[in-house]
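FYI, the numbering for the sequence shown is 859 to 981, going by my numbering.
Note that the Cβ used here is the ideal one computed from N, Cα and C, for glycine as well.
Reviewing the structure listed below.
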Amino acid sequence: MRPSSILSKIHIKTPKPELQLFQFPKLSEISYKELPNNGFGINNYYIPKTKFNHWPVYIKIQNTKITTEIKRVEGDLLKLRQDLLNFNPNYKLTINSTAGIINIKGDVVEEIKSYLDKNSSST
Numbered sequence: 859m860r861p862s863s864i865l866s867k868i869h870i871k872t873p874k875p876e877l878q879l880f881q882f883p884k885l886s887e888i889s890y891k892e893l894p895n896n897g898f899g900i901n902n903y904y905i906p907k908t909k910f911n912h913w914p915v916y917i918k919i920q921n922t923k924i925t926t927e928i929k930r931v932e933g934d935l936l937k938l939r940q941d942l943l944n945f946n947p948n949y950k951l952t953i954n955s956t957a958g959i960i961n962i963k964g965d966v967v968e969e970i971k972s973y974l975d976k977n978s979s980s981t
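Structural data, given as structure tokens:
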């Protein structure tokens, strides 16, 4: 049944519950120990594989200059640099920490991929 024209004009206002707004704590009340932090990026790094399950390690050729490039490095690049130098101290490394890229002088793609396969924690 449809309501009559009189009933359709009557609006009963229901009381709305009062909502308390969330109050952010002041910065002076928060200690650094209460902040969420899992410690990622301090002495650890992560190199995600591509969608085809390959390591993002590529050879880069510019005229006569040949370098190996490790891309998509997340976390502590200096720790990865130190691990690579421990693996082979003859590597000449440069780091681009903003982009997460490590360049190694020469064609060492297969060595780096085998090192990453051997030392990766995920299978």
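Whose CA, out of the options, lies closest to the CA of residue i?
i, options, result
"residue 1017", "946, 928 and 965", "Here the chain has residues from 859 to 981 only, and residue 1017 is not among them."
"residue 968", "862, 885 and 928", "928"
"residue 978", "959, 885, 883 and 911", "911"
"residue 923", "869, 863, 871 and 961", "961"
"residue 909", "891, 881 and 930", "930"
Which same chain residues end up closer than 8 Å to residue i when comparing Cβ atoms and leaving out the 5 residues on each side of it in sequence?
i, result
"residue 974", "905, 913 and 915"
"residue 907", "913 and 914"
Under 8 Å, do residue i and residue j count as touching if we go by C-beta distance?
i, j, result
"residue 963", "residue 950", "yes"
Please return the same chain residues whose Cβ sits closer than 7 Å to the Cβ of residue i, not counting the five positions on each side in sequence.
i, result
"residue 932", "903, 904 and 958"
"residue 873", "none"
Would you call the stretch 884-903 and the stretch 921-941 touching, i.e. three or more CB-CB distances under 8 Å? A contact exists between the stretch 884-903 and the stretch 921-941.
Does the structure place the stretch 944-964 close enough to the stretch 877-893 that three or more beta carbon pairs sit under 8 Å? Counting Cβ pairs under 8 Å, fewer than three are found: no touch.
Can you list, in chain order, the stretches of the alpha helix (DSSP H) that have 4 or more residues and sit fully within the stretch 895-969? Secondary structure within the stretch 895-969: the alpha helix (DSSP H) runs of 4 or more consecutive residues, fully enclosed, are 935-945 (chain order).
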